[in-house]
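Below you'll find the structure, written out as structure tokens, and then a few comments.
Numbering (our numbering), first residue to last: 47 to 242.
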């Protein structure tokens, strides 16, 4: 828990990302109706499952990500990673992390080599101590995606996977790592329902 924190309940929101790590549920960003910056947020709220309380850590520095929704997050070690998402009609492909010990933001991480397309409504799954798996989502051109990428947080390189089924695009899905190190992707949609 942070040295300095504000006890508060996270506002009702949509399009946020949330991840459980140990006793904490981390909630990042999202969209809150009728708020500043047209409702787009980049705040962090934490729910302590032991004490059943919400708190908001005092961020001590660094450059935070732009406010957003429809992004994804994952925790590796002492870092909470955020990738992509959207603000208004702009989709992003930036990667940031929040150091969960010092409460400082990394700023936009410089990627070595090729990067995934800008996207929203995708998944980001920890698959090793230094690797994240990115799957699907909705592109900046409103095209459902079927690609998969692995990010090595040590080298800051993305590698696109070539063996995924290209005929199964999806957004609004879930993904997790199984006990035998297989990645399970479940559900989702192949259509942008917001465009209907």
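Note that CB positions come from ideal geometry on N, CA and C, so glycine has one too.
This structure is a prediction, so every number in the text was calculated from the model and none was measured.
If we call anything under 8 Å between Cβ atoms a contact, is residue 101 one with residue 71?
The residue given as residue 101 occupies position 55 in the chain shown. The residue given as residue 71 occupies position 25 in the chain shown. Not in contact: residue 101 and residue 71 (Cβ atoms no closer than 8 Å).
Skipping 5 residues on each side, what residues in its chain have a beta carbon closer than 7 Å to that of residue 114?
For this step, residue 114 is matched to residue 68 along the chain shown. Excluding sequence neighbours, residue 114 sits near 75, 86, 88, 131, 132, 133 and 138.
Residues near residue 201 in its chain [Cβ-Cβ closer than 7 Å; skip 5 each side]
For the purposes of this step, residue 201 is taken as residue 155 along the chain shown, with counting starting at 1. Once the five neighbours on either side are set aside, the close Cβ partners of residue 201 are 158.
Taking 7 Å as the line, does the beta carbon of residue 227 fall inside it for any heavy atom of the ligand FMN?
In the structure shown, the ligand FMN is absent, as is every other ligand, since no ligand is present at all.
Exposed unless 16 or more other CB atoms sit within 10 angstroms - verdict on residue 47:
The count along the chain shown starts at 1 and reaches residue 47 at position 1. Residue placement at residue 47 is poorly supported in this model, since its pLDDT is 45, which falls under 50; the coordinates are not used for a value here.
Residue 198 versus residue 65: straight-line alpha-carbon distance, rounded:
Here residue 198 refers to the residue found at position 152 when the chain shown is read from its first residue. Here residue 65 refers to the residue found at position 19 when the chain shown is read from its first residue. Their Cα atoms are separated by approximately 20 Å.
Sub-8 Å separation of residue 217 and residue 195 beta-carbons:
The residue you call residue 217 lines up with position 171 of the chain shown. The residue you call residue 195 lines up with position 149 of the chain shown. Going by C-beta atoms, residue 217 is not nearer than 8 Å to residue 195.
Let me confirm a value: residue 207 is counted as buried when at least 16 other C-beta atoms fall within 10 Å, else exposed. Which label applies?
Indexing the chain shown from 1 puts residue 207 at position 161. Counting Cβ neighbours within 10 Å, residue 207 comes out exposed, since fewer than 16 surround it.
Contact set for residue 235: own chain, Cβ-Cβ below 7 Å, skip 5 residues either direction:
Taking the chain shown and counting its residues from 1, one reaches residue 235 at position 189. Excluding five sequence positions before and after residue 235, the CB atoms of its chain that fall closer than 7 Å to its own CB belong to 216, 217 and 218, given in chain order.
So, are the CB atoms of residue 109 and residue 153 less than 8 Å apart?
As a working mapping, residue 109 is identified with position 63 in the chain shown. As a working mapping, residue 153 is identified with position 107 in the chain shown. Contact: yes.
What would DSSP say about residue 183, mapped onto helix, strand or coil?
Your numbering for residue 183 matches position 137 in the chain shown. When secondary structure is reduced to three states using DSSP, residue 183 falls in the strand class.
Do residue 178 and residue 120 have their C-beta atoms closer together than 8 Å?
Your numbering for residue 178 matches position 132 in the chain shown. Your numbering for residue 120 matches position 74 in the chain shown. For the pair residue 178 and residue 120, the CB atoms are nearer than the 8 Å cut-off.
Helix or strand or just coil, what does DSSP make of residue 131?
For the purposes of this step, residue 131 is taken as residue 85 along the chain shown, with counting starting at 1. Three-state result, residue 131: strand.
Taking C-alpha atoms, which residue in 189, 160, 127 and 205 lies nearest to residue 146?
For the purposes of this step, residue 146 is taken as residue 100 along the chain shown, with counting starting at 1. For residue 146, the nearest C-alpha among the options comes from 127.
Nearest candidate by alpha-carbon position, reference residue 187, set 136, 90 and 58:
Counted from its first residue, the chain shown places residue 187 at position 141. When the alpha-carbon of residue 187 is set against those of 136, 90 and 58, the nearest one is in 136.
What residue range is occupied by the uninterrupted beta strand (DSSP E) comprising residue 217?
Counting from 1 along the chain shown, the entry for residue 217 is found at position 171. Careful: residue 217 lies outside any beta strand (DSSP E) and carries neither H nor E.
Endpoints, beta strand (DSSP E) assigned at residue 174:
Indexing the chain shown from 1 puts residue 174 at position 128. Residues 169 to 174.
May I have the straight-line CA-CA distance separating residue 170 from residue 57, to the nearest angstrom?
Position 124 of the chain shown, counted from the start, is the residue given in the question as residue 170. Position 11 of the chain shown, counted from the start, is the residue given in the question as residue 57. Taking the straight line from one Cα to the other gives about 24 Å.
Endpoints, the beta strand (DSSP E) within which residue 20 is located
Since the first residue shown for the chain is 47 and the last is 242, residue 20 is missing from the structure and cannot be characterised.
Can you tell me the Cα-Cα spacing of residue 185 and residue 118, whole angstroms?
Here the question's residue 185 lines up with position 139 in the chain shown. Here the question's residue 118 lines up with position 72 in the chain shown. Cα to Cα, residue 185 sits roughly 14 Å from residue 118.
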